[in-house]
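The listed protein sequences correspond, in order, to chains A and B. Position 101, counted from 1, in the first sequence is what our numbering calls 101; the numbers after and before it change by one each time, with no gaps. If you count the second sequence from 1, you need to add 359 to reach our numbering.
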Amino acid sequence: MKARHLSIIIRKEFRGLLNERTILLAVLLQLFIAMFSSFLMVGLTSMYDPSSLSKYSRFKYNIAYTGNDSALHDYLDKSPDFIVYDMDLSTAVTTLKERKIAAVIYVPDTAPDAIDPVKVTLYTIQNDLQSAIVNVKLKDIFLKYEKDLRNIRGTRLTEQPIPLKLPQAPSGGDFYEFVYGLLIPLLVFMPAIISSALVIDLITEEYQHETLETLISTPVTFAEMVWSKVIACELLVPIQAGAWLLLLLLNGITIENVPLIIIQVTLTSFIPILLGALTALHYRERTAAQFIFSTALVVVILFVIALPANPLNLLTKLAVGTAGTEQWFVLASVIVISIFLSIATQWYANRVGRDHLSI
Amino acid sequence: MPALADIATIARWEVKRTLTQMSKDTLPLAIVLFVLLVLVTGFAAQSGMHLQDGMYVVGVDNPSIAQLLSSDSRFTVYQLDSVALFSNRQFFDVIIVHEQVYGSTTERGKSALKTIERDYTKYTNHVYNQQDDLYSAYPLWIDIQNVKSELNFLATQSGKYISATPSNIAPVPESEVHGIPTPSPTLGFSQEELRTELTKSETGNSQISRYTEMLSSDSSRGRFKTPSQLSPPLPFDSIILIFVFIFPLYFTSQFFMMSIMNERIEHKGEVLLSTPVRTGSIIIGKSLPYLIGMLAISVGLTAYLKASPLIILPLIPVIFFFLANALIIGMVSRSFKELSFISIFFSTVATSYLFFPSIFANVHVISLISPLTLIILTLQGTTYTITDYLFSTSLFWLTSTVLFYVAVKNFKEERLFSEKRLLPRIREFIAESASKIHPFVSLFLLNGFAIPFVFMVQLMCLVLFFNLPMPYSLVLLIIFAAGIEELTKSVGIYTFYSQDVNFLSWKNLIIGCFVTAVGFLVGEKLLLLITIAQITESVFGSILFLSLGTLWLPLLLHFAGVFVVCCALKFGGRKWFVPGLIAATAIHCLYNFYFILGWIT
């Protein structure tokens, strides 16, 4: 295998990518995914925990309290989120329909220490953003009241849970698991998947555009052709992954062990890329190769994620800084699998190459 | 009918060719892979997802708490005595000493603390669920009664909080008060019934629900809830189901894409084009097997899930949309690489458009812009109306039709067997669909038919910006909506200009701009008739479709926008196209700001 031959073909492939600006689409795609997932997250959180958006917390909501007096009334009065009006139920619900109040609460005449539970009826407006916000705010108050009632009835419990005193919930930390436990491994590993789809395209293209014969008639061997395509795709991985990490860092997300993450991703990406190359060599036709490969990829990724201490989990641990010595074992097994796949690719490419010569 | 016979013949060819191509040794392997997929899914369901293992380090002095926490694989738990814990505090994210939890102030510490809080709630719930006296463990139950508001949802969306004007006197209803029966103080369910409901929500795949539990407790559908269950339910199961429906559609449209591409490689499709068959028949014939396949898959899945057959209806326009896009992508791309990237890009954008709004199915009307929301609603047992159906699917029907038309017009040798860059190629496609003899009629129709696409992109922006705080979302939406509209309007004239530089004489320019503006306006009006009120009535809608009042003002605005771009083109050439576009957008924004702000204050 000659390095000069390899580099010529690698450069040819890169020129092709730059010329078609496909790489631009790939970057755009990743940007889109990142933007969308963060919007998704902000949207969801604001929907379920509206106080995370300061704009909502400024408002006081009008609430109608109907029925019998209880400790719930005091909690609502003390809450900075609500203004409570004592009303009669029918008037209150009509007012609710006109959106002059945000919710109506009806409390029955059940004693706190009664055998029966206290059943509070909550009237809200269906499918409405404001109702969702009010419900979340009311939830906190109901929880306090539930705790009181539970204490009053505590003697009737047969088993108490292990007590644990939790500090006042700190603000922030909502997105942490999402960003580090899902977004980072996903985004960083995405270039590997893109590259493995790319290597199939590059190899089948030579077959289907019938440019292979021309290529083989040059001093370049078949195996060299395959390997330079693999390397071209492989080179894209650290570039894209690095760009990602840089973007995340610029967004103020601190990521530990950046060099280690890039090494890990680059080495791991050999596995899907070589698998892609093998599939392409076998089928020599894009439809079949891509179909088989993408199904196989889903199987492999599902399987790997279900294993403890998998490479994707390692990316998370590296990014948060809790990875220990086990990372070197993961890396070692990745390398062993890659070497095995490399040998298979080399053997298969040689065999295919001989077939071509004999024709 | 000779055309029908042609279609049938081509459809048969297509099936035969795909099958011979596939059956070599793809099919056996595909079956093996499918079996593996089922096995692996089972394994993954059992073993769970191990993406977040060992994210946090926790130190504990109590063995029973240590045991409790180590059941969550996110924690690496160390059991030490309290002195050792305090002296090594910086090593841990959280330490628990004498039942008191201390979290570190880092982001990781805060997140770990929240995770412990959620785990602990789950644990206490588990203990409480075992209690014989369930009502001492859960003394408070909430019965949520939904009330339909007489005002529509624009009230909360317009940035005004109608109910939120604080005063000391209780608000008085304006309309007649209808008597509401006093709710009964009893639950009407036995303790055991409630217990099963509680334990049902307690179990469930913790590995998957981990991603959702920070948002909502669970989607328990019981009418009575304990306070901790009081969050809008995330239709999580239904969302997963939707992926099951959409995923096969992607695969099938990939095959279609590839089949079109194969016709183009090395002029293989030339034979087909030389037969006396109309291009329309060729395209219908080629897409028919895929359409039938997709429908069969959807029907099969529905039958398998024993779901209501009504969920097929919203899927049909989605299937057409996928086919139309696959066709265009197959015709546009130059190489396999390009095909891959464009198709991945398309599927991501399409999934986001379809998937994202449906998450809010239980929360907000806006979720109806995705047909998938209708599926979720059907799965949950809510029915949808014909208006809902028209609203969420009309854009899919219209855009697919336009795309099919463009494809039929361009399915000829000089388009299929030439290689050009993406943008010039799309321009060629548009030019081919437009008539050179009647340029102004074409401009009118082009702009009218561009409206569904404009709406789609704008609704996408609406979904994106909806989540930002109020002033920013408005400003961004105004800018983007204006930019998209100006870009669309200029496309037609730019196409004519790039074909013939002399096209832009003063007379042509004025007429062209006028016709473009009218076409755009007419398209807008017609589509509004279909999609009616739903979104257009909110303040967001009024930015997008700010032409409800007088007609001549928006006409003038549309005219001015194109006119600016055309003048930039006429005097500056292509280099000035983008600056012209920016100027037009600025004018459009100013106009919108003036009216919206005037309307709000």
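Backbone N, C-alpha and C define an ideal beta-carbon position, used for all residues, glycine too.
In the DSSP assignment, find the unbroken alpha helix (DSSP H) run with residue i in it and report its ends.
i: Phe918(B); result: Trp911 to Gly931
i: Lys696(B); result: Phe695 to Phe714
i: Ala389(B); result: Thr385 to Ser406
i: Asn488(B); result: Glu466 to Asn488
i: Asp502(B); result: Premise fails: Asp502(B) lies in the beta strand (DSSP E), Leu499 to Val506, not in any alpha helix (DSSP H).
i: Tyr283(A); result: Val258 to Tyr283
i: Ala71(A); result: Ala71 to Lys78
i: Gln208(A); result: Ile184 to Gln208
i: Ile424(B); result: Pro422 to Ser429
i: Val658(B); result: Thr638 to Leu664
What does residue i reach in chain A if we use C-beta pairs closer than 8 Å?
i: Gly407(B); result: Ala306
i: Lys696(B); result: Gly16, Leu17, Glu20, Thr22, Leu198, Asp201, Leu202 and Glu205
i: Ala389(B); result: Phe291, Ile292 and Thr295
i: Ile624(B); result: Gln208 and His209
i: His917(B); result: Ordered by position in chain A, no residue passes the 8 Å Cβ test against His917(B), which lies about 29 Å from the chain.
i: Val536(B); result: Ser90, Thr91 and Thr94
i: Gly418(B); result: Chain A residues near Gly418(B): none, gap ~14 Å exceeds 8 Å.
Residue j and residue i - do their beta-carbons sit closer together than 8 Å?
i: Asp502(B); j: Pro542(B); result: yes
i: Ala289(A); j: Ala280(A); result: yes
i: Pro811(B); j: Tyr748(B); result: no
i: Val416(B); j: Asp440(B); result: no
i: Gln240(A); j: Pro311(A); result: no
i: Leu318(A); j: Ser196(A); result: no
i: Phe402(B); j: Ala306(A); result: yes
i: Gly807(B); j: Gly882(B); result: yes
i: Trp244(A); j: Leu182(A); result: no
i: Tyr207(A); j: Leu278(A); result: no
i: Asn62(A); j: Ala92(A); result: no
With distance defined between alpha-carbon atoms, name the residue in the options nearest to residue i.
i: Ala64(A); options: Leu762(B), Glu556(B), Phe918(B) and Pro532(B); result: Pro532(B)
i: Phe715(B); options: Pro498(B), Ser726(B) and Leu775(B); result: Ser726(B)
i: Gly252(A); options: Lys60(A), Tyr180(A) and Thr268(A); result: Tyr180(A)
i: Asn421(B); options: Gln459(B), Leu818(B) and Asn484(B); result: Gln459(B)
i: Phe293(A); options: Phe393(B), Ile941(B), Cys925(B) and His917(B); result: Phe393(B)
i: Ala790(B); options: Arg780(B), Thr744(B), Leu805(B) and Lys665(B); result: Leu805(B)
Tell me the DSSP secondary structure of residue i in three-state form.
i: Asp412(B); result: coil
i: Thr221(A); result: coil
i: Ala841(B); result: helix
i: Asp440(B); result: coil
i: Tyr743(B); result: coil
i: Val898(B); result: Here the model assigns Val898(B) a pLDDT of 46, short of 50, so the residue's position is not dependable, and the following value carries that caveat. Of the three classes helix, strand and coil, the one that applies to Val898(B) here is helix, per DSSP.
i: Gln566(B); result: Because the pLDDT at Gln566(B) is just 47, under 50, the model does not fix this residue reliably, and the point stays unresolved.
i: Leu122(A); result: strand
i: Thr435(B); result: strand
i: Gln327(A); result: helix
i: Leu949(B); result: helix
i: Phe340(A); result: helix
i: Gln168(A); result: coil
i: Gly628(B); result: coil
On the DSSP letters alone, give me the boundaries of the beta strand (DSSP E) that residue i sits inside.
i: Val456(B); result: Val453 to Val456
i: Asn62(A); result: Tyr61 to Gly67
i: Phe175(A); result: Per DSSP, Phe175(A) belongs to no beta strand (DSSP E) and is neither H nor E.
i: Gly462(B); result: Gln459 to Gly462
i: Ala103(A); result: Ala103 to Val107
Just the chain B side, please: which residues come within less than 7 Å of residue i by C-beta, in chain order?
i: Tyr145(A); result: Leu499
i: Phe142(A); result: Leu499, Ile501, Pro586 and Leu589
Run through chain A and tell me which residues come within less than 7 Å of residue i, C-beta to C-beta.
i: Ile843(B); result: Going along chain A, no residue has its Cβ under 7 Å from Ile843(B), so there is no contact; the nearest lies around 16 Å.
i: Ile503(B); result: Leu122 and Thr124
i: Ala529(B); result: Tyr85 and Met87
i: Arg467(B); result: Tyr176 and Val320
i: Ile734(B); result: None at all; the shortest Cβ gap to chain A is about 17 Å.
Note down, in chain order, every chain B residue with its Cβ under 8 Å from the Cβ of residue i.
i: Gly353(A); result: Residues of chain B passing the Cβ test: none, with the nearest at roughly 21 Å.
Below 9 Å on C-beta distance, what does residue i contact in chain A?
i: Phe450(B); result: Near Phe450(B) there are no residues of chain A at all, since even the closest Cβ is about 11 Å away, more than 9 Å.
i: Gln489(B); result: Thr158 and Glu159
i: Phe704(B); result: Leu25, Ala26, Leu28, Leu29 and Phe32
Hey, does residue i have any beta-carbon neighbour from chain C nearer than 8 Å?
i: Gln459(B); result: Looking at the structure shown, chain C is missing, and the protein chains on hand are A and B.
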